[in-house]
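Protein chains: 2
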Amino acid sequence: MLFVIKVGGNVIDNPVLLQSFLQDLTAIQGPKILIHGGGKIATRIGDQLGIESKYVDGRRITDAATIDVVTMVYGGLVNKQLVAKLQALGCNAIGMTGADANVIPAVKRPVKQIDYGFVGDIDPARLQVGPLKAMLDAGLTPVFAPLTHDGQGQMLNTNADTIASSLAIALSAHYKVRLIYCFEKKGVLRDAQDDDSVINLIDRTVYAQLMEQKALSDGILPKLDNAFAAIESGVKEVLIGHAADVRSNTTATVAGTLIR
Amino acid sequence: MLFVIKVGGNVIDNPVLLQSFLQDLTAIQGPKILIHGGGKIATRIGDQLGIESKYVDGRRITDAATIDVVTMVYGGLVNKQLVAKLQALGCNAIGMTGADANVIPAVKRPVKQIDYGFVGDIDPARLQVGPLKAMLDAGLTPVFAPLTHDGQGQMLNTNADTIASSLAIALSAHYKVRLIYCFEKKGVLRDAQDDDSVINLIDRTVYAQLMEQKALSDGILPKLDNAFAAIESGVKEVLIGHAADVRSNTTATVAGTLIR
Numbered sequence: 000m001l002f003v004i005k006v007g008g009n010v011i012d013n014p015v016l017l018q019s020f021l022q023d024l025t026a027i028q029g030p031k032i033l034i035h036g037g038g039k040i041a042t043r044i045g046d047q048l049g050i051e052s053k054y055v056d057g058r059r060i061t062d063a064a065t066i067d068v069v070t071m072v073y074g075g076l077v078n079k080q081l082v083a084k085l086q087a088l089g090c091n092a093i094g095m096t097g098a099d100a101n102v103i104p105a106v107k108r109p110v111k112q113i114d115y116g117f118v119g120d121i122d123p124a125r126l127q128v129g130p131l132k133a134m135l136d137a138g139l140t141p142v143f144a145p146l147t148h149d150g151q152g153q154m155l156n157t158n159a160d161t162i163a164s165s166l167a168i169a170l171s172a173h174y175k176v177r178l179i180y181c182f183e184k185k186g187v188l189r190d191a192q193d194d195d196s197v198i199n200l201i202d203r204t205v206y207a208q209l210m211e212q213k214a215l216s217d218g219i220l221p222k223l224d225n226a227f228a229a230i231e232s233g234v235k236e237v238l239i240g241h242a243a244d245v246r247s248n249t250t251a252t253v254a255g256t257l258i259r
Numbered sequence: 000m001l002f003v004i005k006v007g008g009n010v011i012d013n014p015v016l017l018q019s020f021l022q023d024l025t026a027i028q029g030p031k032i033l034i035h036g037g038g039k040i041a042t043r044i045g046d047q048l049g050i051e052s053k054y055v056d057g058r059r060i061t062d063a064a065t066i067d068v069v070t071m072v073y074g075g076l077v078n079k080q081l082v083a084k085l086q087a088l089g090c091n092a093i094g095m096t097g098a099d100a101n102v103i104p105a106v107k108r109p110v111k112q113i114d115y116g117f118v119g120d121i122d123p124a125r126l127q128v129g130p131l132k133a134m135l136d137a138g139l140t141p142v143f144a145p146l147t148h149d150g151q152g153q154m155l156n157t158n159a160d161t162i163a164s165s166l167a168i169a170l171s172a173h174y175k176v177r178l179i180y181c182f183e184k185k186g187v188l189r190d191a192q193d194d195d196s197v198i199n200l201i202d203r204t205v206y207a208q209l210m211e212q213k214a215l216s217d218g219i220l221p222k223l224d225n226a227f228a229a230i231e232s233g234v235k236e237v238l239i240g241h242a243a244d245v246r247s248n249t250t251a252t253v254a255g256t257l258i259r
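Residue numbers (numbering that gives the first Met the number 0), protein chains in the order written: chain A, 0 to 259; chain B, 0 to 259.
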């Protein structure tokens, strides 16, 4: 089983939670890939550099100055600090973006109602998984920053959830893949106010019911859509859970929400 | 023949020269590794972030704020932009630091007269070349930022010339290596004022004569010391020349200075 694990900015921003998470990640046996979000540091550094962060519908607009900031902060500072910390724990990490070894070619998002700027859209069928497979076979743990490129020399900002599902899909031709989304809750909650109301299993039928009941928070919907898309494209299982539960979420006895 | 090619900040800072250099690099047949310096952009971004650059004897003092800046600028912005540009030209580049796959373990430089801060010293014998060899065999071109790590979670700023010679030495167990330093002159000059006074061959005897004549500028001495150390440790040839001559400097008819 290959574990493709996405960890969000809330963990990156919390040194204690992050260190514990990286220890758990190191303890997971077998092949694994980490995809990390950015955290608030890109916004902070952008502010210090006088670059205004712009969002539309909760999505960052990536202008020319912003793609440089996220390239250096996500692809440099955050990614290399994660790699160095994992190496210190004995996990043989290797930092990656989608540009490296051309693993994730992307296209700049077409301008429709909104011009997202330098944001990359991915077609999982175009991923080049050969180099990743070689790394995994050699015992390396690829660690991806949320960046791709357009094949014409331009780096592109790309949603980490989407990178994770795309990698999981592309690698499912070679491995049984469990795709794990770590976020700030224990799993998908039946009651957003009750952290212990984890829904342990969601399939298409349950999903339709939950949608009808409007029981799901807006934040979780793209994750579930990504999850079902991944499963329909060959990923064996998707898990949504807390970063602190990542080890149990790689076993048969999961703490989070299993999606099939 | 494996070409280990170091390119300095003056090329990184010049878009026209850089693009031409990357085209030439792409055209070089066979396995190759690029090591890049930082350029002035780290200083510029550090200034914008209110971090003062400190130098002693021409060497940057790397305090805690500065190692974060160089990690993001060299390891993120500069490195990934180079990778994206090379990918656009058809060169299958993969960005690296010494932390990635633990290729270059280093130690924080011991404090003597000067505390250099988070600067890494390398022992070529400790390099882990297995992952690099696998990349080269797979047709990838590793592109190194001038960064290493201490194995305890800390990134370290490391001289790009030293990274290049250390990689060349370590890989000379597996390849015939030509180590090429690209800089702003055509080669080692007999007369610093005359760009056409390239010394085409320097061996130990010639070096001793040049030293006695005090014919060499201060800037070139560390490069020559690194070159001879590399040759004594197994590197077949070292070349010092202009970035614009990199293609001819990978052939038998070199434009720069050959060191044996």
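By construction, the Cβ of each residue, glycine as well, lies at the ideal position given by its N, Cα and C atoms.
For a contact meaning CB atoms closer than 7 angstroms, what does residue i contact in chain B?
i             : result
residue 39(A) : Neighbours of residue 39(A) on chain B: none; closest Cβ ~15 angstroms, over 7 angstroms.
residue 14(A) : Per Cβ cutoff of 7 angstroms: no residues; residue 14(A) is ~11 angstroms from chain B at best.
residue 87(A) : 150, 151 and 152
Starting from residue i, find everything on chain A with Cβ-Cβ shorter than 7 angstroms and list it in chain order.
i              : result
residue 133(B) : 133 and 137
residue 153(B) : 83
residue 105(B) : Here the premise fails: no neighbours, minimum Cβ distance about 11 angstroms.
residue 109(B) : Within 7 angstroms Cβ-Cβ: nothing; residue 109(B) doesn't reach chain A, min ~20 angstroms.
Using a threshold of 8 angstroms, state whether the C-beta atoms of residue i and residue j are closer than that.
i              : j              : result
residue 100(B) : residue 4(A)   : no
residue 117(A) : residue 66(A)  : yes
residue 74(B)  : residue 96(B)  : yes
residue 35(A)  : residue 6(A)   : yes
residue 104(B) : residue 150(B) : yes
residue 166(A) : residue 32(A)  : yes
residue 248(A) : residue 168(A) : no
residue 91(B)  : residue 138(B) : yes
residue 29(A)  : residue 0(A)   : yes
residue 61(A)  : residue 115(A) : yes
residue 123(A) : residue 232(A) : yes
residue 47(A)  : residue 76(B)  : no
Within the continuous beta strand (DSSP E) that includes residue i, where are the two ends?
i              : result
residue 141(A) : 140-143
residue 177(B) : 176-182
residue 155(A) : 154-156
residue 53(B)  : 53-55
residue 50(A)  : It is not in any beta strand (DSSP E) - residue 50(A) carries neither H nor E in the DSSP assignment.
residue 257(B) : 256-258
residue 173(A) : No beta strand (DSSP E) contains residue 173(A), which DSSP labels as neither H nor E.
residue 237(B) : 236-241
residue 147(A) : 146-148
Once the 5 residues before and after residue i are set aside, which same chain residues still bring their CB inside 7 angstroms of it?
i              : result
residue 50(B)  : 64, 65 and 68
residue 45(A)  : 52, 65 and 68
residue 245(B) : 4, 20, 23, 24, 179 and 181
residue 120(B) : 105, 106 and 108
residue 209(A) : 215
Which bits of chain A does residue i rub up against, with CB to CB less than 8 angstroms?
i              : result
residue 70(B)  : 75, 76, 79 and 80
residue 91(B)  : 100 and 101
residue 146(B) : 79
residue 96(B)  : 79, 82 and 94
List the endpoints of the continuous alpha helix (DSSP H) containing residue i.
i              : result
residue 70(A)  : 63-71
residue 161(B) : 159-170
residue 205(A) : 203-211
residue 220(B) : 219-231
What does a CB cutoff of less than 8 angstroms around residue i pick up in its chain, not counting 5 residues either side in sequence?
i              : result
residue 257(A) : 199, 200, 201, 236, 237 and 238
residue 230(B) : 236, 237, 258 and 259
residue 241(A) : 181, 182, 183, 184, 185, 186, 254 and 255
residue 79(B)  : 94
residue 12(A)  : 38, 39 and 40
residue 98(A)  : 146, 147, 148 and 154
The ligand ZN heavy atoms versus the CB of residue i: any closer than 7 angstroms?
i             : result
residue 45(A) : Of ligands this structure carries none, so the ligand ZN is not represented either.
Interface residues of chain B around residue i at Cβ under 8 angstroms?
i             : result
residue 48(A) : 44, 47 and 48
residue 65(A) : By Cβ distance, chain B contributes nothing, its closest Cβ being about 12 angstroms from residue 65(A), past 8 angstroms.
residue 30(A) : By Cβ distance, chain B contributes nothing, its closest Cβ being about 15 angstroms from residue 30(A), past 8 angstroms.
So, at 6 angstroms on beta carbons, what are the nonlocal neighbours of residue i in its own chain, with the 5 sequence-adjacent residues on each side left out?
i              : result
residue 226(A) : 237 and 258
residue 127(A) : 101 and 102
Taking residue i as the query, report the chain B residues whose CB atoms sit under 9 angstroms from its CB, ordered along the chain.
i              : result
residue 123(A) : What residue 123(A) touches in chain B: nothing, since even the nearest Cβ is about 19 angstroms away.
Checklist entry - Of all the beta strand (DSSP E) runs that stay within the bounds of the stretch 75-133 of chain B, which reach a length of 3 or more residues? => result 92-95, 105-107 and 119-121
Next on the checklist: Which complete alpha helix (DSSP H) runs does the stretch 1-39 of chain A hold, if anything under 4 residues is left out?
Outcome noted: Within the stretch 1-39 of chain A, the runs of alpha helix (DSSP H) at least 4 residues long that lie entirely inside it are, in chain order, 8-11 and 14-26.
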